[in-house]
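So the sequence lines, in the order shown, correspond to chains A and B. Heads up: the first sequence is residues 3 to 578, going by the working numbering. Heads up: the second sequence is residues 490 to 1198, going by the working numbering.
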Amino acid sequence: MNRLQSLSPLFLLVFLTACGGGGGSSAPENPVQPPADTTAPVITLNGDNPQEVEFNGEYVEAGASTDTGETVVIDSSAVNTSTVGSYEVTYNASDAAGNQAVEQTRTVNVADNGSGDVTAPVITLNGDNPQTVELNGTYVEAGATTDTGEQVDIDSSAVDTSAVGSYEVIYTATDAAGNAATPVVRTINVVDSSAAATKLSVLTSIVDQIVIPNYKALSDEAAAFSAADGPVAAYCDALETDTEATALADAQDAWKSVMHEVQKTELHIIGPAAKNNSSLRNRVYFYQEKDNSVDTLSTCATDAAVVNANSQSDFQVSATPNNQRSLSAIEYLLFNTNLDHTCSSNVPAVADWNALSDVERKSQRCVLSALIAEDVAVNAEQIHADWGPYRDSFVNPDEIGTTFELMTDGLFYFEKHTKSAKLNGPLGNDVVCPDDQLTCPDYIESPYSEMSLEHIKVNTEQFMEIFSSGLDELADEIAPGSWSNTFKGLINDVIDKINTIQASNPDDSLSDQVASITSTDDRAACDSAYGSPDTESELPMCSLGGLVKRVTDDLKIDFVTYLGVRLPDSAGGDND
Amino acid sequence: MFTSVNATSNVPDPVIKEVLIIGTKEEKQRLPGSAIQISAEDLSKQSYSDLNQIVSSVPGVYVREEDGYGLRPNIGIRGATSDRSQKITLMEDGVLIAPAPYTAPAAYYITNASRLYALEVLKGPSAIQSGPHTVGGAINLVTRPVPKEDFNEIDLTFGSDGYQKIAATSAYVGDNIGVLLEGLRYGSDGFKELDGGGDSGFTRNDVNIKTQWTPETDLLQTLTIKLGFADEDANETYLGLTDDDFSASPERRYAGSQLDRFQSQHRQIHLSHLLYLKDGLELSTKLYRNEYHRSWNKIGGFIDGPKVQDVLNQPGAYTSAYRILQGLQDSVVGDFTDLTIDVTDNDREYSSQGIQFDITKNADLFGFQHSVKLGLRYHQDDVRRRHQTRSYLMRAQNLVSDGIARPLKTNNYAQTDAFAVWLSNDISWSSWTLNVGVRHEDISGSVDDKLAGTLLENTQSITAPGLGLHRQLTENLGFLAGIYVGFSPSGPGKSGAESEESVNVEYGFRYLADDFSGELIAFKSDYDNLLGRCRASDSDCQVGQEFSGGNAEVSGVELTAQGQYELNDAFLLTSQLNYTYSESKFKSTFFSQFSQWGLVSKGDELPYIPKHTSSLKFGMESDQWGLDIAVKYQHGMRETPGSSVSGDGLHTDNLTTIDVSAVWFTNKDIDIKLLVRNITDESAIVSHRPYGARPNLPRTLLAQVKLRF
């Protein structure tokens, strides 16, 4: 209270001053009117005009004055020193009589004249990016430099070498002029090379380097094959012309090219191609081992489809069953020189077929070939397209156990199809061929084009390529010695044998060899060649069968063990 | 107590003698080989209904727990694999009792432990008298004999997790005929907790009638007819847990196992005739037939998808599959894999029958005392496997059929005919006893695989000798040593696969006195061509496949000691110690498709052979009450071959359990007993097989009342 009282004179003084009271310094209330003032003030700028300012430098307003002392209003809001350019600062003033001075402007030039540093440094990382660190290993920071020598700040706090994962290290730098470098990120992959991470890298490589490119190539080949100006269309157009034979040969060659791509994809019928019981794959190409039997093309159904395609306006290939479409049907239609139908006499659809002229029959077959080729192209493209969104879910570390095995399951095509259905089955050396039959010629793949052996070769080469894409290294981490080399040797034996057969007997097809086995003595000779494939034999394809079986025996035992995968179709333990 | 002379003090004369293999007290004393008897008294102390628990304390015996109740025991002896007890010879009263001991020896049926009256474990040279599996040894389960006088008993037990057992025994004894009727029903709600609820328990019924006729003829003879019926209904599964889930909740069961169910029926008729001829000649004849049918619906993995073992070992790499097993995620059809759950009905019908003769002749010749035994057996058994796969989708934690008809996974018929002959002679002179014996088997079998359309046949002919020696060093102390060749035939249809053979050596000391007895025996089993029996569903164990066997060596020391001390004439104190030390190693590098082996390197230890097992028992008994404490320790076991000290591969945990039993003999007709199994509630991973980590029985309280009238 006392203190407040003592301050009261001060409050009073402030109050009086603020209200304009007190003091005698103010003007009289009614002054004598002076003559009217019509002279405008004149503004004079201080400092330079134009004024040069360094880029990113400091802009200092030099000010201005009037001849009559009025306040000058300065508008320098346009000036932006962080952008090179020319800016205007305006100066205005008016006197008490309302006379407006002529506006003055000053030009402020923001320029990078080289003497100031306006360039951000650039960070360059030392060492690898991404950098791989083994789980629980030591993370060594390889460092980074800038082009102008500034210190690089490194934030590696996120890296945890005790947990598998991908971590970011962030590198930043700023120069003396305050120019900040664009931050650089290094990825540190903490991996457990003994476990899933390596499986993941192998699977990723196989998918990106083999599977997807194979489906791309197949899609492209199939599209070219079925194109409006493609080889099938050209053959259809060339019927009954001088170029018919050439056009047919071209179409057949084109079919072989597509089939070459198909045979490569057969070793990885996984993902989109495997979905819904391999429906897309079967539409592209149908030849299937199932439950110890082999499903092949139905030539009679294809014959009937030819008639339907030419007589029914609403005929659609996509509505027909698998065993009368796909590249298998096209092979029959393009390669089979016998134009008669293959049905028994009681199939009404083809009742009138054999009476048609050759030209008519070729023409009608050509129509269906073209329609099926389009369907093949659509489905091949679909598989490739589906891999796009599917890829990331397939090479997903969270599912690597499952997806890696789907991939290795796919390799068992080599056992079920290449070995059993395509080769040893027809030769009578496999359970797919019933015991009461000497041989099973009906199972031969691509019998009209006689490409069976070539397909086996492509399968084998592709098998080798996939195995060599890191599966070999994975296996050798567990296998004693270098098992993968032994295994590759067995695979190469198969390829070498096929090359030898093809070189020495170019005209000898698997069909010929199967057909040559007609007696129990022949059977015994084939069994012997199969059992001792290293010994020269009159039946080299029986020997080949033995060589292929060596590969699949290792596949079923060593391969599954070293890669820690299961045998497809094998059930869990029964402890029996 | 076992091994000791007083162990069989309650074994009566010819009546039970005919079902005992080791024989009576007198015969046991000079037995030139190690063999163990567990008496009725000892069996009753802890009232185990789990055979694993009973035999696990026998030296040289290895047990792998599976379901916690011992429904399907896994027992191995001296290196013979414990997997489903298939490498040892299992008998009931001297008759082969596994469903098909030659064709499919996995012991899916075994005599209920609650019915046991005594138990014998044969090891060493004595093992050769009981084939076909002699690499490790044999177990003879002795059932209650027809008593001498009328007898009625009811045994009621109730306990934790809804455990209940009702056993009723009634005997009528006439002048020369006796009838024993036994009924047993026991079961539990199960200690495992199924995700989303559901039963995890079991019920077993077992009815047996034994009729014994001793006609008044010049020659002493008895005829015994035994009829048995047993069934089981168990919500049992092969599915275990990941190690992490086990740590969190060991008794959990994933929703994926909710349809799993084991159902079986067993029927048997055994005829036994024992005839005492003149001049120490005895003839025993046994005629038997067993029938067994089981249906086991159980999750077997994912159709065309990952193996359950892999999912549980590495759940992070099989995220969808792992979540679907738990019901946390629905099966998505049309994705990269449908992850459709395979629940296969492993349906099998077995039969086993045969006739066997055992002739014993005691005679003195050339100044030596001879005890010649000749055994002949003709045996047939078969199994019809018809495994029907059914497929289910996980939907909101329930398995829902996907409606797709699936083919049979396995469809085959396998059978074996076997003729076995065994001859042995115990030659005694002064303090020496020498046993020479030989076993020969001619086995022919076939497998008709209806799926592959193949019929595979094979024959085996095996002769294996044995030699045992016993020398009585002092009145109480004897030395014994033995060597024999053991074998285990390969299954039918395994052309090219040889039988498993072993050379087994043992030596040690036996001490027998009134109040103290013990054995200290070293053993070594050298296995040639160790066979891992390929599982039925492995399609690749057929013709000529490279099913490699390997050589292995198992050696160790077995110690058993027991004593008793009478305190103030009022209390009887008993104690018993058993300990087994085992070492094992593979002697070659090979690769096997047997799931427990896989790739084996020379020097690797065999799986499921614990380095140390031991048990320690204390008992105290008066006229009014009794107390028995059993402490058991099993060292962690390697579950895959390996050699490093730890860290690689699967291991089971060390496990120490304490079982306590207290009985009050209220009067001569009523006993009241309280039992606590695993009183400290130890929890350990006892196995990662078949699929994933499995727990032991948690603490279980039982109350038992026995009424005799």
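We put the beta carbon where it would ideally sit given N, CA and C, even for glycine. Please read these numbers as outputs of a predicted model, since none were measured by experiment.
Worksheet item: Are the C-beta of Ile402 of chain A and some C-beta of chain B separated by less than 8 Å?
Response: Here residue 402 of chain A corresponds to residue number 400 of the first sequence, with the count starting at 1. Residue contact check for Ile402 of chain A against chain B: a CB pair falls below 8 Å.
Worksheet item: In whole angstroms, what is the alpha-carbon distance linking Ala1113 of chain B and Thr646 of chain B?
Response: Locating residue 1113 of chain B in the second sequence gives position 624, counting from the first residue. Locating residue 646 of chain B in the second sequence gives position 157, counting from the first residue. Inspection of the sequence shows that residue 1113 of chain B is occupied by Gln rather than by Ala. Answer to the nearest angstrom: the Cα atoms are 20 Å apart.
Discussion item. Taking 7 Å as the limit between beta carbons, can you name the residues of its chain near Phe396 of chain A, skipping five residues before and five after?
Written reply: Taking the first sequence and counting its residues from 1, one reaches residue 396 of chain A at position 394. Answer for Phe396 of chain A: Val209, Gly273, Thr405, listed in chain order.
Fill in: Top-ranked residue by Cα proximity to Thr68 of chain A, from A:Asn101, A:Ile503, A:Glu56
In the first sequence, counting from the first residue as 1, residue 68 of chain A sits at position 66. Of A:Asn101, A:Ile503, A:Glu56, the residue nearest in Cα terms is A:Asn101.
Fill in: Span of the beta strand (DSSP E) around Glu671 of chain B
The residue given as residue 671 of chain B occupies position 182 in the second sequence. Start and end: 666-677.
Worksheet item: So, is the C-beta of Ser571 of chain B closer than 8 Å to a C-beta in chain A?
Response: Along the second sequence, one-based indexing puts residue 571 of chain B at 82. Proximity of Ser571 of chain B to chain A, defined by a Cβ-Cβ separation below 8 Å, is not satisfied.
Discussion item. Alpha carbons only, please: which of A:Ser530, A:Leu408, A:Glu152 is nearest the one belonging to Leu549 of chain A?
Written reply: By one-based count along the first sequence, residue 549 of chain A stands at place 547. If we check each option's Cα against that of Leu549 of chain A, A:Ser530 comes out closest.
Practice prompt. Run through the stretch 476-527 of chain A for me and flag every whole alpha helix (DSSP H) of 4 or more residues, listed as ranges in chain order.
Written response: If we require 4 residues or more, the alpha helix (DSSP H) runs fully inside the stretch 476-527 of chain A come out as 485-506, 512-518.
Worksheet item: Are the C-beta atoms of Asp799 of chain B and some chain A residue less than 8 Å apart?
Response: Stepping through the second sequence from its first residue, residue 799 of chain B is reached at position 310. So, interface residue.
Item to complete: Assess, as a yes-or-no matter, whether the stretch 767-781 of chain B is touched by the stretch 743-752 of chain B under the definition of 3 or more beta carbon pairs within less than 8 Å.
Response: Verdict: no, contact absent.
Discussion item. Between B:Arg693, B:Glu554, B:Gly613, B:Met1126, which has its C-alpha nearest Leu520 of chain B's C-alpha?
Written reply: Taking the first residue of the second sequence as position 1, residue 520 of chain B is located at position 31. For the residues B:Arg693, B:Glu554, B:Gly613, B:Met1126, the minimum Cα distance to Leu520 of chain B belongs to B:Gly613.
Worksheet item: Does the beta carbon of Pro323 of chain A sit closer than 8 Å to a beta carbon anywhere in chain B?
Response: Residue 323 of chain A sits at position 321 when you count from the first residue of the first sequence. Proximity of Pro323 of chain A to chain B, defined by a Cβ-Cβ separation below 8 Å, is not satisfied.
Discussion item. Using CA atoms only, rank isn't needed, just tell me which of B:Leu1061, B:Asn1067, B:Thr1069 is closest to Gly1115 of chain B.
Written reply: The count along the second sequence starts at 1 and reaches residue 1115 of chain B at position 626. Looking at the Cα atoms, B:Leu1061 is the closest of the given residues.
Worksheet item: Could you give the residue range of the alpha helix (DSSP H) that holds Ile76 of chain A?
Response: Residue numbering aside, residue 76 of chain A sits at position 74 when the first sequence is read from its first letter. Per DSSP, Ile76 of chain A lies in no alpha helix (DSSP H); the unbroken beta strand (DSSP E) holding it starts and ends at 75-77.
Practice prompt. Identify, in the order they occur along the chain, each residue of the same chain with its Cβ nearer than 8 Å to the Cβ of Ala1025 of chain B, setting aside the five sequence neighbours on each side.
Written response: Mapped onto the second sequence, residue 1025 of chain B falls at position 536. Caution applies to Ala1025 of chain B, whose pLDDT of 32 falls short of 50 and renders its modelled position unreliable; the value that the coordinates give is listed next. Shown here for Ala1025 of chain B: same chain residues with a beta carbon closer than 8 Å to its own, the five before and five after excluded, namely Ala593, Arg874, His876, Thr899, Asn901 in chain order.
Worksheet entry | Same chain, Cβ closer than 6 Å to Asp1017 of chain B, neighbours up to 5 away in sequence not counted | Counting from one through the second sequence, the residue named residue 1017 of chain B turns up at place 528. For Asp1017 of chain B, same chain residues with a beta-carbon under 6 Å away, outside a window of 5 residues either side, are Glu990, Asn1040 in chain order.
Discussion item. What residue range does the beta strand (DSSP E) around Pro954 of chain B cover?
Written reply: One-based indexing of the second sequence puts residue 954 of chain B at position 465. Judged by DSSP secondary structure, Pro954 of chain B falls within the beta strand (DSSP E) whose first and last residues are 943-961.
Discussion item. So, does the stretch 999-1014 of chain B touch the stretch 1041-1058 of chain B, judging by three or more C-beta pairs under 8 Å?
Written reply: Verdict: yes, contact present.
Worksheet item: Helix or strand or just coil, what does DSSP make of Gly485 of chain B?
Response: The displayed coordinates of chain B run from 490 to 1198. Any statement about residue 485 of chain B would go beyond what the structure contains.
Worksheet item: Per DSSP, His622 of chain B is paired with what?
Response: The sequence position of residue 622 of chain B within the second sequence is 133, counting from 1. None; His622 of chain B has no bridge partner.
Practice prompt. Pick out whichever of B:Thr1102, B:Ser1071, B:Met1109, B:Asp1117 has its Cα sitting closest to the Cα of Leu1095 of chain B.
Written response: Indexing the second sequence from 1 puts residue 1095 of chain B at position 606. Comparing Cα-Cα distances from Leu1095 of chain B to each of B:Thr1102, B:Ser1071, B:Met1109, B:Asp1117, the minimum goes to B:Ser1071.
Worksheet item: From what residue to what residue does the beta strand (DSSP E) around Arg285 of chain A run?
Response: Walking along the first sequence from the start, residue 285 of chain A turns up at place 283. Not the beta strand (DSSP E): Arg285 of chain A falls in the alpha helix (DSSP H), residues 277-286.
Worksheet item: Along chain B, in chain order, which residues have C-beta atoms closer than 8 Å to that of Pro535 of chain A?
Response: Here residue 535 of chain A refers to the residue found at position 533 when the first sequence is read from its first residue. The premise fails here: Pro535 of chain A is roughly 15 Å from chain B at the closest Cβ pair, so nothing lies under 8 Å.
Discussion item. If you reduce the DSSP assignment to three classes, tell me which class Asn310 of chain A lands in.
Written reply: Walking along the first sequence from the start, residue 310 of chain A turns up at place 308. If DSSP states are grouped into helix, strand and coil, Asn310 of chain A belongs with the helices.
Worksheet item: Any Cβ of chain B within less than 8 Å of the Cβ of Pro482 of chain A?
Response: Numbered from its first residue, the first sequence carries residue 482 of chain A at position 480. Closer than 8 Å: yes.
Practice prompt. Give the range of the beta strand (DSSP E) segment to which Gly403 of chain A is assigned.
Written response: By 1-based counting over the first sequence, the position of residue 403 of chain A is 401. From DSSP, Gly403 of chain A is part of no beta strand (DSSP E) but of the alpha helix (DSSP H) over 402-413.
Discussion item. Would Glu407 of chain A pass as an interface residue toward chain B - the criterion being a Cβ-Cβ separation below 8 Å?
Written reply: To locate residue 407 of chain A, count along the first sequence from 1; it is residue 405. Yes, because at least one Cβ of chain B sits closer than 8 Å to the Cβ of Glu407 of chain A.
Worksheet item: According to DSSP, what are the bridge partners of Ser300 of chain A?
Response: Counted from its first residue, the first sequence places residue 300 of chain A at position 298. According to DSSP, Ser300 of chain A bridges with nothing at all.
Item to complete: Sort out for me which residues DSSP pairs Trp918 of chain B with in a bridge.
Response: Against the second sequence, residue 918 of chain B aligns to sequence position 429. Note: Trp918 of chain B sits in a beta bridge opposite B:Trp921.
Worksheet entry | Interface positions of the stretch 804-822 of chain B facing chain A (Cβ-Cβ less than 8 Å), listed along the chain | So the list reads Gly805, Ala806, Tyr807, Thr808, Ser809, Ala810, given in the order they occur along the chain.
Worksheet item: Cβ atoms of Gln535 of chain B and Ala894 of chain B: under 8 Å apart, would you say?
Response: For the purposes of this step, residue 894 of chain B is taken as residue 405 along the second sequence, with counting starting at 1. For the purposes of this step, residue 535 of chain B is taken as residue 46 along the second sequence, with counting starting at 1. Not in contact: Ala894 of chain B and Gln535 of chain B (Cβ atoms no closer than 8 Å).
Worksheet item: What residue ranges within the stretch 698-780 of chain B form continuous alpha helix (DSSP H) runs of no fewer than 4 residues, ordered along the chain?
Response: Whole alpha helix (DSSP H) segments, 4+ residues: 732-737.
Discussion item. Just to check my reading of the structure: Gln106 of chain A and Ala64 of chain A have Cβ atoms closer than 8 Å, yes? What is that Cβ distance to the nearest angstrom?
Written reply: The residue labelled residue 106 of chain A in the question sits at position 104 within the first sequence. The residue labelled residue 64 of chain A in the question sits at position 62 within the first sequence. About 12 Å separates the beta carbon of Gln106 of chain A from that of Ala64 of chain A, a gap too long to meet the 8 Å contact definition.
Item to complete: Note down, in chain order, every chain A residue with its Cβ under 7 Å from the Cβ of Pro795 of chain B.
Response: On the second sequence, residue 795 of chain B is found 306 positions in, with the first residue counted as 1. Under the 7 Å cutoff, chain A gives Gly403, Thr404, Glu407.
Worksheet item: Using 8 Å as the limit for Cβ to Cβ distance, is Thr1145 of chain B near chain A?
Response: What you label residue 1145 of chain B is simply residue 656 of the second sequence in a count that begins at 1. With respect to chain A, the C-beta atom of Thr1145 of chain B has no partner C-beta closer than 8 Å.
Worksheet entry | chain A contact residues for Thr1078 of chain B, given Cβ-Cβ distances below 7 Å | In the second sequence, the residue the question calls residue 1078 of chain B occupies position 589. The contacting residues are Pro482.
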